[in-house]
Amino acid sequence: MRELFTELLGHPNTVQHLADLTAGTDIRYDMAGPHAHPLVGRFAPDVELCTPTGTVRLAELAGTARPLLLDMTEDASVAGELAQWHDQVHIVIAQPQSPAPVATALLLRPDCYVAWAAASPRPDPADLDALRTATQRWFGAAEPARNESEDLRTT
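Number 70 in numbering that gives the first Met the number 0 belongs to position 71 of the sequence shown; there are no gaps in the numbering.
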């Protein structure tokens, strides 16, 4: 039995599987249709990212327990799609360090499960519509833009 486990633990996929089982991150929620990205409903993989403020791991960004949009597309076009949700969703534009993740954009719930993902370097209109739908489903309608004069109330 010891030889068998020694051999099994020599395979990175087996070690990852056991770690996921132990941590509970092997769970996949049914959160989207049949054509959804394979990461949707899964715990987000931790990747190292290069942001305008420096290198950071996804786990660090998710530590705020807020919804998170991670835009790793070529032109950062996905971030603009959620401009109306900027008060509700933390938006981060970054480039992955190696190894490159299997997605170019991720919308994460506060528990770090993937609510939406795209694999294309430039998501198409259908992908972006799915992003807006997932954002509204999980985080509510976009908050209307506030007028600065509303903040200057006189009593």
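Glycine included, every Cβ here is placed at the ideal spot set by N, Cα and C.
Terminal residues of the alpha helix (DSSP H) in which residue i lies
i: Leu3; result: Arg1 to Leu7
i: Val77; result: Ser76 to Glu80
i: Leu60; result: Leu57 to Leu60
Simplified DSSP assignment, three categories, for residue i
i: Arg65; result: coil
i: Asp70; result: strand
i: Thr132; result: helix
i: Leu48; result: strand
i: Gly139; result: coil
i: Val14; result: helix
i: Thr153; result: A caution first: Thr153 carries a pLDDT of 39, below 50, which makes its placement in the model too unreliable to give a value.
i: Ser148; result: The pLDDT assigned to Ser148 is 45, lower than 50, so where the model puts this residue is not dependable; a value taken from the coordinates is nonetheless given after this. Correct three-state label for Ser148: helix.
8 Å Cβ cutoff met for residue i and residue j
i: Gln96; j: Thr54; result: yes
i: Asp128; j: Ala117; result: no
i: Glu73; j: Pro120; result: yes
i: Leu107; j: Ala61; result: yes
i: Ala35; j: Met71; result: no
i: Ala46; j: Pro100; result: The sequence as given places Val at residue 46; Ala does not occur at that position. Going by C-beta atoms, Val46 is nearer than 8 Å to Pro100.
i: Ala43; j: Pro109; result: no
i: Tyr112; j: Gly40; result: yes
i: Val91; j: Thr50; result: yes
C-beta neighbour in chain D for residue i, strict 8 Å
i: Leu69; result: Annotation note: the requested chain D is absent from the structure, which comprises a single protein chain.
For residue j and residue i, believed in contact at Cβ under 8 Å, the rounded distance
i: Ala114; j: Ala141; result: Not a contact, Cβ separation roughly 15 Å.
i: Leu57; j: Leu48; result: 6 Å
i: Leu68; j: Ala78; result: 7 Å
- Query: What are the start and end residues of each continuous beta strand (DSSP E) run of 3 or more residues lying completely inside the stretch 84-116, in chain order?
  - Reply: 89-92 and 104-107
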